[in-house]
Structures are given as C-alpha cells and as structure tokens.
Amino acid sequence: MTQSSTTPADTTTARLAQARTDVIAEMGRTDAKASALLTVLGIPLTVLIAAVPGRDLPTAATVLVGLGAAGLAAAMLLVLAIVLPRLGGDARGSYLHWATCTPEQVSADLAVDRSAERLVVLSKIALKKMRALRVAIFTTAGALGALALALAATLV
Numbered sequence: 749m750t751q752s753s754t755t756p757a758d759t760t761t762a763r764l765a766q767a768r769t770d771v772i773a774e775m776g777r778t779d780a781k782a783s784a785l786l787t788v789l790g791i792p793l794t795v796l797i798a799a800v801p802g803r804d805l806p807t808a809a810t811v812l813v814g815l816g817a818a819g820l821a822a823a824m825l826l827v828l829a830i831v832l833p834r835l836g837g838d839a840r841g842s843y844l845h846w847a848t849c850t851p852e853q854v855s856a857d858l859a860v861d862r863s864a865e866r867l868v869v870l871s872k873i874a875l876k877k878m879r880a881l882r883v884a885i886f887t888t889a890g891a892l893g894a895l896a897l898a899l900a901a902t903l904v
C-alpha cells in the first residue's frame, strides 16, 4: 500500500491555482463577448447616423429612434467600461504594486502567498464585468425593440 505524499496544503494550493485559472478564463470570455457586442452595436448606430438626419419622420417614430439611439449609446458605454483596463489600487501581490517596487521589494512581496487574496479580487472583477455585460445586453435588446417600433411607426 502506498501513501500519498500530497498534503492538505498542497491540495489547497492546487485548488487555488485552478480556481484562479478558471476566473481568469471567465474574464477572458466576458471580454470577448463584450468586444463582439461592441462591434455589433456599431452597425445600427452607423445606419441611424447615415439614414435618419434630414428625414421627416412621424413624431412617434422620432421619439422611438431617439430612445433606441440613446439605448445603443448607453450599451456601448457599458461595454467600454467592461473592457476598460483595471488600474486602480496597488494591492500587494499585483503588477501594479510591483511597478513601484525595487527588485528586493518584489522578491519580498512574492515570498508571501496571496493566492486566496488574489482569487477574491479577480472574482470580484469577473462578477462586475459579467453583471455589466448582462445590463448591456438587456439595454441593447430594449434599444433594438424601440428601433423596431420606430420602423413600424414609420411604415404605418
């Protein structure tokens, strides 16, 4: 019978490393979705900018186009906030902190295990990004609904 040489501390370290990898991957997927949404949002805004000025639209359609355009712009701003690099703070154990350190200070900082601390910070960032992405998607859906109603009001 062989005994495992894995200690509970080793298991915890491995789990923290895997959790960190999972959170970073989730943030990457969220950023990719946000980038795709940002690209897609430009299409209806470009069409509106090209087609609407100088048109004599019914009042209801004008209001709905304005609401739709405002919704698309709001969604774009939300998406930009998602992909905006997080540079606030200089928490120990991060490159933001190390940028202000000497090599000796970096070595001393790396001697301290902050895996759980970093996981919490990264998880909060990932959650914030995901929530903002959901709001941006719902805002986009509402804006597109308003634009569809504007089109219907124009055709009637």
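Okay, so the sequence shown: first residue is 749 according to my numbering, each after it adds one.
Don't be surprised by glycine CBs; every beta carbon is placed ideally from N, CA and C.
What first and last residue would you give for the alpha helix (DSSP H) that runs through residue i?
{"i": "Ser753", "result": "Looking at the DSSP string, Ser753 is not in any alpha helix (DSSP H), and its letter there is neither H nor E."}
{"i": "Thr888", "result": "Ser863 to Leu903"}
{"i": "Leu815", "result": "Thr807 to Val831"}
{"i": "Asp940", "result": "With the chain covering 749 to 904 only, the question about residue 940 has no answer from this structure."}
{"i": "Leu844", "result": "Tyr843 to Trp846"}
Which residue from the options puts its Cα closest to that of residue i?
{"i": "Gly776", "options": "Leu815, Val800 and Leu832", "result": "Leu832"}
{"i": "Ala898", "options": "Val811, Ala822 and Leu820", "result": "Val811"}
{"i": "Leu886", "options": "Ala808, Ala798, Val813 and Ala821", "result": "The question names Leu, but residue 886 in the sequence shown is Phe. It is Ala821."}
{"i": "Arg882", "options": "Ala829, Ala856 and Asp861", "result": "Ala829"}
{"i": "Thr761", "options": "Ala880, Arg862 and Leu826", "result": "Arg862"}
{"i": "Ala773", "options": "Ala884, Ser871 and Val800", "result": "Ser871"}
{"i": "Ala884", "options": "Ala799, Leu826, Pro801 and Thr759", "result": "Leu826"}
Taking the alpha-carbon positions, what's the residue i to residue j distance?
{"i": "Arg763", "j": "Ser753", "result": "16 Å"}
{"i": "Ala865", "j": "Thr902", "result": "Reading off the sequence shown, one finds Glu at residue 865, where the question assumed Ala. Roughly 56 Å separates the two Cα atoms."}
{"i": "Leu867", "j": "Val771", "result": "8 Å"}
{"i": "Leu892", "j": "Gly814", "result": "11 Å"}
{"i": "Ile873", "j": "Leu858", "result": "22 Å"}
{"i": "Ala900", "j": "Gly890", "result": "15 Å"}
{"i": "Ala757", "j": "Gly841", "result": "20 Å"}
{"i": "Thr769", "j": "Val869", "result": "13 Å"}
{"i": "Val904", "j": "Leu805", "result": "11 Å"}
{"i": "Ala782", "j": "Ala765", "result": "26 Å"}
{"i": "Leu793", "j": "Ala817", "result": "7 Å"}
{"i": "Ile797", "j": "Ala780", "result": "26 Å"}
{"i": "Ala896", "j": "Thr888", "result": "12 Å"}
{"i": "Thr848", "j": "Arg803", "result": "56 Å"}
{"i": "Thr755", "j": "Ile791", "result": "55 Å"}
{"i": "Ala799", "j": "Ala809", "result": "13 Å"}
{"i": "Ala784", "j": "Pro801", "result": "27 Å"}
Is residue i helix, strand or coil by DSSP?
{"i": "Asp758", "result": "helix"}
{"i": "Arg763", "result": "helix"}
{"i": "Gly802", "result": "coil"}
Apart from the five residues just before and just after residue i, which ones in its own chain have a Cβ nearer than 7 Å to its Cβ?
{"i": "Met824", "result": "Leu786 and Leu789"}
{"i": "Ala894", "result": "Leu812, Leu815, Gly816 and Gly819"}
Counting contacts by CB-CB distance shorter than 8 Å, is residue i in contact with chain B?
{"i": "Ala762", "result": "In the structure shown, chain B cannot be found, because there is only a single protein chain."}
Can you give me the Cβ contacts of residue i inside the same chain, cut-off strictly under 6 Å, excluding the 5 residues immediately before and after it?
{"i": "Ala767", "result": "Leu867"}
{"i": "Val854", "result": "Trp846"}
To which residues of the same chain is residue i closer than 8 Å at the C-beta, ignoring the five residues directly before and after it?
{"i": "Thr778", "result": "Ile830, Ala874, Lys877, Met878 and Leu881"}
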